[in-house]
Amino acid sequence: MAIDNEKIPFPSDKEIKQEIQKIIAKGMNKKPSFWQYMFTMYREVGFRNVFRDLTEIAFTIVLTIAVFAMFVLSTAEYFSWTALDVYTFIFCFSPVIYFVIVFFFFICQKQKPAFEVEMTCKYNVYQLAAFRMFMFSIFAMLANGVIIFWLATEFSIHFPFAFLLSVASLFLFAAAFLYVLLYVPTKSGKIALFISWIAANLFLSYMNSYVYQAFLLNVPYFIYIIIGMAAMYIYVHQLKLFFVKTNIKGVL
Amino acid sequence: MLIVDHVSKYYGNFIALENVHLQFDNGIYGLLAPNGAGKTTLMKMLVTLIFPTKGEIRYNGENIIHLGSKYRELLGYLPQQFGYYKHYTPAKYLLYLSALKGISKHEAKEKIPELLKLVGLEDVMHKKMRKFSGGMIQRVGIAQALLNDPKILILDEPTAGLDPTERARFRKLLTQLANNRIIILSTHIVSDVESIANEIIMIKDKTILYKKPIRELCQLLSGRIYETAADFQDAEIFRKRFATISEKQENGQMIFRFVSDEQPNENWKSVEPTLEDVFLHVYGEGALA
Ligand SMILES: Nc1ncnc2c1ncn2[C@@H]1O[C@H](COP(=O)(O)OP(=O)(O)O)[C@@H](O)[C@H]1O
Ligand SMILES: [Mg+2]
Numbered sequence: 625m626a627i628d629n630e631k632i633p634f635p636s637d638k639e640i641k642q643e644i645q646k647i648i649a650k651g652m653n654k655k656p657s658f659w660q661y662m663f664t665m666y667r668e669v670g671f672r673n674v675f676r677d678l679t680e681i682a683f684t685i686v687l688t689i690a691v692f693a694m695f696v697l698s699t700a701e702y703f704s705w706t707a708l709d710v711y712t713f714i715f716c717f718s719p720v721i722y723f724v725i726v727f728f729f730f731i732c733q734k735q736k737p738a739f740e741v742e743m744t745c746k747y748n749v750y751q752l753a754a755f756r757m758f759m760f761s762i763f764a765m766l767a768n769g770v771i772i773f774w775l776a777t778e779f780s781i782h783f784p785f786a787f788l789l790s791v792a793s794l795f796l797f798a799a800a801f802l803y804v805l806l807y808v809p810t811k812s813g814k815i816a817l818f819i820s821w822i823a824a825n826l827f828l829s830y831m832n833s834y835v836y837q838a839f840l841l842n843v844p845y846f847i848y849i850i851i852g853m854a855a856m857y858i859y860v861h862q863l864k865l866f867f868v869k870t871n872i873k874g875v876l
Numbered sequence: 007m008l009i010v011d012h013v014s015k016y017y018g019n020f021i022a023l024e025n026v027h028l029q030f031d032n033g034i035y036g037l038l039a040p041n042g043a044g045k046t047t048l049m050k051m052l053v054t055l056i057f058p059t060k061g062e063i064r065y066n067g068e069n070i071i072h073l074g075s076k077y078r079e080l081l082g083y084l085p086q087q088f089g090y091y092k093h094y095t096p097a098k099y100l101l102y103l104s105a106l107k108g109i110s111k112h113e114a115k116e117k118i119p120e121l122l123k124l125v126g127l128e129d130v131m132h133k134k135m136r137k138f139s140g141g142m143i144q145r146v147g148i149a150q151a152l153l154n155d156p157k158i159l160i161l162d163e164p165t166a167g168l169d170p171t172e173r174a175r176f177r178k179l180l181t182q183l184a185n186n187r188i189i190i191l192s193t194h195i196v197s198d199v200e201s202i203a204n205e206i207i208m209i210k211d212k213t214i215l216y217k218k219p220i221r222e223l224c225q226l227l228s229g230r231i232y233e234t235a236a237d238f239q240d241a242e243i244f245r246k247r248f249a250t251i252s253e254k255q256e257n258g259q260m261i262f263r264f265v266s267d268e269q270p271n272e273n274w275k276s277v278e279p280t281l282e283d284v285f286l287h288v289y290g291e292g293a294l295a
């Protein structure tokens, strides 16, 4: 634009309109909360569209649980599991169902032929992913509950404690997983987290089982509640990033 | 108003676009450039599929990346390769995308048959897309882009795979839609945009060469286009001696057109430049610009 000292620059009608729109947009720009967003999304998109691959997901879950049950039953014959072993097992393996579903879901996303169109819709792949992951975590929590309930009939474990342990472990893992999802671009990074979670837990329990189990068991209830809540909070906080960001490098 | 503010896009070390500056108001814009010029790159940035390496794109003064879903809500996009689910029917696919676009089921159920009729697919709306021709898929893609009555419609080579009748119908459709939205379509075919675009945008050497109404583009070559007829046997001589920009057959003769600052001889007559002349002059083998 040429500088002209003679003329007082006055905005054109178009510019005035534009500026007004800008101000209105700024004024209206209250970000909806996570829960509001989830609810609006549920209302506008609906469960059916959020879980289009429901049969595949169900299949994955059944398969996971079957593998689990086999594993538990077969080892139960060789070792006489103590209640402590079962608690260790629960803490270590609670995130498995969650990991399998979410990982499976991300692999499916990437292979979607309509990825480009879906990415440019109001609710794009990331928002759907956040919604689904949230639902998956709730689902995994309940599925774990069922498994633990069954374990409690087989072994002499205390159900509420075992369940709490499982919830804390699930959300700790889920929060860590989201962190990797957001900041580590490679697929191997995600698998590495999962493997190292299992490995670290097993390593700790076998190498130093006394201290590990003492730690698991001597931590009082309310600490687990706090850990569980904190993990959930971090988890939800990170899920929010999926709503805010339009595109996250490396997630897919 | 949509503003592309000094945007560059690099793919690693490769420069796809450099310092692109554009402004869009309501109307039809034809992004006309040969393959590989960067049309898709620009359009992907406009729909937030990829981000500018430098600069930013603003809608009504706000960065579109920050607007997020508020921006995408206003968007209709047809990618160059329109992906679809083979086992879906157009009606079902559009219903699914309506949900992602936040359109109520009730509204979608009314809108979908209308749109599919508009693109001439009403008879097959409940047929699986598996057996659809390229042109039919493309028309599903066009219908899909219109679902949310977008304020910004971005169409990447929308006429690919359409036959001449479908192309004509498509152009008519766009002119009907044009008055209260921004429509940007890319093509490397001059006739796609010649009759409908308010402005033509040409990309050359990784940046915007022109953004002008067709009339003004043609004026650039005003008085410099010459035409002459020649027999077939002389054609080769012509091609060697003059930097012809186009040639066609007419009544058993060859008609040559070329650009020159002055009339070479009496047999060449001065003609009105067309958009095709401009395109060929800019991108042709003997391109001077
Ligand atoms: N993801 C990518 N990585 C590297 N180079 C790319 C990528 N996408 C496009 N290009 C290059 O950028 C240039 C412009 O491509 P594109 O925008 O697709 O052009 P057009 O749509 O005009 O044909 C081409 O040279 C192409 O090879
Ligand atoms: Mg392209």
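Residue numbers (our numbering), protein chains in the order written: chain A, 625 to 876; chain B, 7 to 295.
From the three backbone atoms N, C-alpha and C, an ideal C-beta is built for every residue, glycine too.
Distance cut-off 8 Å: residue i Cβ against heavy atoms of ligand 2
i                 : result
Thr46 of chain B  : yes
Asn41 of chain B  : yes
Asp198 of chain B : no
Glu282 of chain B : no
Gln144 of chain B : no
Glu740 of chain A : no
Glu163 of chain B : yes
Ser192 of chain B : yes
Gln259 of chain B : no
Own chain residues within Cβ distance below 6 Å of residue i, not counting five before or after
i                 : result
Leu28 of chain B  : Val10
Tyr16 of chain B  : Thr59
Thr181 of chain B : Ile202
Same chain only: Cβ atoms within 7 Å of residue i, ignoring 5 sequence neighbours per side
i                 : result
Leu254 of chain B : A quick correction: the sequence has Lys, not Leu, at residue 254 of chain B. Here the set comprises Ile261.
Ile1 of chain B   : What is shown of chain B runs 7 to 295, which leaves residue 1 of chain B out entirely.
Ile847 of chain A : none
Ile143 of chain B : Phe88, Tyr90 and Met135
Ala754 of chain A : Leu863, Phe866 and Phe867
Ser793 of chain A : Phe715, Ser718 and Pro719
Residue i versus residue j - alpha carbon distance
i                 : j                 : result
Leu84 of chain B  : Ala166 of chain B : 11 Å
Ile70 of chain B  : Thr54 of chain B  : 7 Å
His112 of chain B : Met662 of chain A : 21 Å
Val791 of chain A : Phe763 of chain A : 11 Å
Phe867 of chain A : Tyr807 of chain A : 16 Å
Leu281 of chain B : Val199 of chain B : 9 Å
Phe264 of chain B : Lys275 of chain B : 11 Å
Leu789 of chain A : Ile858 of chain A : 17 Å
Tyr65 of chain B  : Gly670 of chain A : 29 Å
Ser75 of chain B  : Pro844 of chain A : 44 Å
Phe779 of chain A : Thr706 of chain A : 8 Å
Glu668 of chain A : Ala838 of chain A : 49 Å
Arg173 of chain B : Lys123 of chain B : 16 Å
Ser812 of chain A : Arg187 of chain B : 44 Å
Leu159 of chain B : Leu775 of chain A : 57 Å
Thr744 of chain A : Leu80 of chain B  : 10 Å
Counted within 10 angstroms of its Cβ, other Cβ atoms place residue i as buried (16 or more) or exposed
i                 : result
Asn257 of chain B : exposed
Thr679 of chain A : exposed
Pro156 of chain B : buried
Lys814 of chain A : buried
Val13 of chain B  : buried
Gly82 of chain B  : buried
Glu740 of chain A : buried
Pro170 of chain B : exposed
Asp162 of chain B : buried
Trp821 of chain A : buried
Asn41 of chain B  : exposed
Phe717 of chain A : buried
Glu639 of chain A : exposed
Ile214 of chain B : buried
Gln660 of chain A : exposed
Cβ-based neighbour list, residue i, same chain, cut-off 8 Å, excluding 5 preceding and 5 following
i                 : result
Ala767 of chain A : Ile685, Ile689 and Ile721
Tyr99 of chain B  : Tyr90, Tyr91, Met135, Val146 and Gln150
Lys210 of chain B : Ala39, Ala43, Val288, Tyr289 and Ala295
Gly769 of chain A : Phe787 and Ser790
Interface flag, residue i vs chain D, CB-CB below 9 Å
i                 : result
Phe755 of chain A : Among the chains of the structure shown, chain D does not appear; the protein chains present are A and B.
beta-carbon residue i near ligand 1 non-hydrogen atom, thresh 8 Å
i                 : result
Phe88 of chain B  : no
Phe20 of chain B  : yes
Tyr83 of chain B  : no
Ile819 of chain A : no
Ile851 of chain A : no
Ile9 of chain B   : no
Ile209 of chain B : yes
Tyr289 of chain B : no
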